[in-house]
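Q: Structure in structure tokens, see below.
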Amino acid sequence: MTVNFQAMATLAAAKMRQVFPETPLMRNEMLSERFGADIWLKREDLSPVRSYKLRGAFNAMRKVIPDQTMFVCASAGNHAQGVAFMCKHFKVHGVVFMPVTTPEQKILKTRMFGGDHVEVRLIGDYFDESLKAAQDFCAEQGAHFLSPFDDEDVIEGQASVAVEIEQQLGGLPDHIILPVGGGGLSAGVRGYFDDTVRYTFVEPSGAKSLAAALEEDAPVDVSPINSFVDGAAVAKIGARTFARLKGISPDDVMDLDEDRICNTIVEMLNVEGIVLEPAGAMSIEALGEVAEQIKGKTVVCVTSGGNFDFERLPEVKERAQRYAGLKKYFILRLPQRPGALRDFLDTLGPHDNITRFEYMKKSARNFGSVLIGIETDAPQNFPAMFGRIDAAGFTYTDITNDETLAQFVI
Numbered sequence: 006m007t008v009n010f011q012a013m014a015t016l017a018a019a020k021m022r023q024v025f026p027e028t029p030l031m032r033n034e035m036l037s038e039r040f041g042a043d044i045w046l047k048r049e050d051l052s053p054v055r056s057y058k059l060r061g062a063f064n065a066m067r068k069v070i071p072d073q074t075m076f077v078c079a080s081a082g083n084h085a086q087g088v089a090f091m092c093k094h095f096k097v098h099g100v101v102f103m104p105v106t107t108p109e110q111k112i113l114k115t116r117m118f119g120g121d122h123v124e125v126r127l128i129g130d131y132f133d134e135s136l137k138a139a140q141d142f143c144a145e146q147g148a149h150f151l152s153p154f155d156d157e158d159v160i161e162g163q164a165s166v167a168v169e170i171e172q173q174l175g176g177l178p179d180h181i182i183l184p185v186g187g188g189g190l191s192a193g194v195r196g197y198f199d200d201t202v203r204y205t206f207v208e209p210s211g212a213k214s215l216a217a218a219l220e221e222d223a224p225v226d227v228s229p230i231n232s233f234v235d236g237a238a239v240a241k242i243g244a245r246t247f248a249r250l251k252g253i254s255p256d257d258v259m260d261l262d263e264d265r266i267c268n269t270i271v272e273m274l275n276v277e278g279i280v281l282e283p284a285g286a287m288s289i290e291a292l293g294e295v296a297e298q299i300k301g302k303t304v305v306c307v308t309s310g311g312n313f314d315f316e317r318l319p320e321v322k323e324r325a326q327r328y329a330g331l332k333k334y335f336i337l338r339l340p341q342r343p344g345a346l347r348d349f350l351d352t353l354g355p356h357d358n359i360t361r362f363e364y365m366k367k368s369a370r371n372f373g374s375v376l377i378g379i380e381t382d383a384p385q386n387f388p389a390m391f392g393r394i395d396a397a398g399f400t401y402t403d404i405t406n407d408e409t410l411a412q413f414v415i
């Protein structure tokens, strides 16, 4: 089965050259030097739609055209844009169902890629409602539903990433690191390379669907999930994708905290000028967890996408600083007396910078609550600062890692 899958994936990759060029495989000097390895980035963020998703859409569509001329999908992100791009290329009609809450930028990009060949329908507040509407529409109209991952032709199309890696590298890498959401990309890459390379599959901590499936030996729903890593935040891995992944070792699957992933987004943007979405940054951030395994090895990190809305940059920077221990938020109980604020300010060190300060005097109370954000240049500055605050007799509550409270007040 593997030989046939390899042949079909190779054919799919060849067919794609009629539509778009291969994405670059680029050696990264900074990461190679940092980890003592030969580290390459497979830049799926440089595809025409800034993700690998158009590969699966192309392969699934080419196999049913011209018998089928209407295609439907449900997506609020990269899959929608890949389908739209291919509908325009094949000159067929596409209907894309999106939640009403989808950011306007993603709606506009989907319409831009599809042009007159794509119709966007906004239905439901949540993806599940959009999905049901899409499937009902397919049943009524006899249209072809394009799954984002749980489809053999889609998996075969995503496997073209592996075909290109082998061709561009001139052989096999020792180690491949790639993100996992619904499993289409990871199933395709493993289906092509089989066990001839070592893998690290990376999931966001708030959506560990592959780890849960391996534990139960079947796909399971891990709802509710954290949707921050939207390109890989999937509540249940696909049945077909898991069938190709079920033999892997749980030791080859890791999860990364959503805030931690933001470190790589910021660093790659500031240092390398590479724009990555959260899912696209996971494979790079994972290098630190496998540093000992990869020394002296040839490693490929699949940067799966770069559809990053720059309106999210302040949030990403905020998350990165909080994870690195460079920023904290706390609620201070401040005495309502003259000089109390000055007493508190005297507890701050030369590297402690106030970035948030919200206080309202309560005339009927002896104390008022102050929301304070402090940014510093080294994590070790905070224990010293809090020690001075304690010594001064102030009472406070650190809310930095209280996700519910932080989302409300920060």
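Note that this note's numbering has the sequence shown beginning at 6, numbered continuously upward. Ideal Cβ placement from N, Cα and C applies to all residues, glycine included.
1. Based on Cα-Cα distance, which residue from H94, E49, E157 and A411 lies nearest to Q23?
2. Identify every residue that forms a DSSP beta bridge with I377.
3. Among the residues of its own chain, which have a CB less than 6 Å from the CB of E27, if the five just before and after it don't count?
4. Which partner residues of V123 appear in the DSSP bridge assignment?
5. Tell me whether the stretch 111–130 and the stretch 78–86 touch, counting them as touching only if at least three CB pairs, one residue from each stretch, are closer than 8 Å.
6. Between the alpha carbons of C143 and E282, how many angstroms are there, rounded?
7. Whose C-beta lies closer than 7 Å to the C-beta of S228 among residues of the same chain, with five residues either side of it excluded?
8. Leaving aside the five residues before and after A286 along the sequence, list all residues of the same chain whose C-beta is less than 7 Å from its C-beta, in chain order.
9. Put V234 into one of helix, strand or coil per three-state DSSP.
10. Assign D260 to one of three DSSP states: helix, strand, or coil.
11. Quick one, are the C-beta atoms of K47 and L30 less than 7 Å apart?
12. Would you say the stretch 295–315 touches the stretch 336–343, given that touching needs at least three Cβ pairs under 8 Å?
13. Taking its Cβ as the centre, do 16 or more other Cβ atoms sit within 10 Å of S254, making it buried, or is it exposed?
14. Let me know if H356 comes out buried or exposed under the rule of 16 or more other beta-carbons within 10 Å of its beta-carbon.
15. Does the stretch 218–233 touch the stretch 201–208, meaning 3 or more C-beta pairs lie closer than 8 Å?
16. Using C-beta distances below 8 Å, list every residue in its chain close to V5, excluding the 5 sequence neighbours before and after it, in chain order.
17. Only counting runs of 4 or more residues, tell me where the alpha helix (DSSP H) segments fall wholly within the stretch 278–353, in order along the chain.
18. Checking the sheet assignment: what are the DSSP bridge partners for V207?
19. Is it buried or exposed for E316, if we count other Cβ within 10 angstroms and need 16 for buried?
20. For A65 and Y364, I'd like the C-alpha separation in whole angstroms.
21. Distance check for L59 and M21, CA to CA, integer angstroms please.
22. Pick from N371, S374 and E323: whose alpha carbon is nearest that of A360?
23. Y197 and Q11: beta carbons closer than 7 Å?
24. Can you tell me whether K115 is buried or exposed, with buried defined as 16 or more other CB within 10 angstroms of its CB?
25. Tell me which residue opens and which closes the beta strand (DSSP E) that Y57 is part of.
26. In terms of residues, what are the limits of the beta strand (DSSP E) holding A79?
27. Using a 10 Å radius around the Cβ and a threshold of 16 neighbouring Cβ atoms, would you call G243 buried or exposed?
28. To the nearest angstrom, how far is the alpha carbon of V304 from that of R195?
29. Rounded to the nearest angstrom, what separates M6 and D199 at their Cα positions?
30. Helix, strand or coil, according to DSSP, for I160 in the structure here?
31. Candidates K333, P319, V166 and S210: which alpha carbon is nearest G186's?
32. On a CA-only basis, which of I379, I336 and L353 is nearest Y401? Give me that one, please.
33. Within its chain, find whatever has a CB closer than 8 Å to the CB of F25; leave out the 5 residues flanking it on each side and keep chain order.
34. Does the beta-carbon distance from D260 to K213 come in below 7 Å?
35. Is the separation between the beta-carbon of V69 and that of A148 shorter than 7 Å?
36. Between the alpha carbons of M390 and T201, how many angstroms are there, rounded?
A: This is what the structure gives:
1. The candidate whose alpha carbon is nearest that of Q23 is H94.
2. F335 and F362.
3. So the list reads E169, once near-sequence residues are dropped.
4. The bridge partners DSSP lists for V123 are G99.
5. Result yes; three or more Cβ-Cβ pairs closer than 8 Å.
6. Cα to Cα, the separation comes out at about 31 Å.
7. If we look at S228 and ignore the five residues flanking it on each side, its Cβ neighbours are A240.
8. These residues qualify, in order along the chain: I266, T269, I270 and M273.
9. Three-state result, V234: coil.
10. Secondary structure of D260 (DSSP, three-state): strand.
11. Contact: yes.
12. Judged by Cβ distances under 8 Å, the stretch 295–315 makes no contact with the stretch 336–343, as fewer than three pairs qualify.
13. Classification for S254: exposed.
14. By the neighbour-count rule (16 or more Cβ atoms within 10 Å), H356 is not buried but exposed.
15. Between the stretch 201–208 and the stretch 218–233 there are fewer than three C-beta pairs closer than 8 Å, too few to call the two in contact.
16. The chain is shown only over 6 to 415; residue 5 falls outside these bounds and no answer can be derived.
17. The alpha helix (DSSP H) runs lying completely inside the stretch 278–353 and spanning 4 residues or more are 283–290, 296–299, 318–329 and 345–350, given in chain order.
18. Paired residue(s): P184 and M259.
19. Around the beta-carbon of E316, fewer than 16 other beta-carbon atoms lie within 10 Å, marking it exposed.
20. For the pair A65 and Y364, the Cα-to-Cα distance works out to about 57 Å.
21. For M21 and L59, the distance between alpha carbons rounds to 10 Å.
22. Here residue 360 turns out to be Thr, not Ala, going by the sequence shown. Among N371, S374 and E323, the Cα nearest to that of T360 belongs to E323.
23. Closer than 7 Å, so yes.
24. Note on identity: in this sequence residue 115 is Thr, with Lys being the wrong assignment. So T115 ends up on the buried side.
25. Careful: Y57 lies outside any beta strand (DSSP E) and carries neither H nor E.
26. Run containing A79: M75 to A79, per the beta strand (DSSP E) assignment.
27. Per the 10 Å Cβ criterion, buried.
28. For V304 and R195, the distance between alpha carbons rounds to 15 Å.
29. Bear in mind that a pLDDT of 48 at M6, under 50, signals an unreliable position, so the number given afterwards is only what the model happens to contain. One C-alpha to the other measures close to 11 Å.
30. DSSP places I160 in helix when its eight states are reduced to three.
31. Nearest C-alpha to G186: S210.
32. Ranking the options by Cα distance to Y401, first place goes to I336.
33. Closer than 8 Å at Cβ, skipping near neighbours: S52, P53 and L59.
34. Going by C-beta atoms, D260 is nearer than 7 Å to K213.
35. No, Cβ-Cβ distance for V69 and A148 is not below 7 Å.
36. Between the alpha carbons of M390 and T201 lies a distance of about 52 Å.
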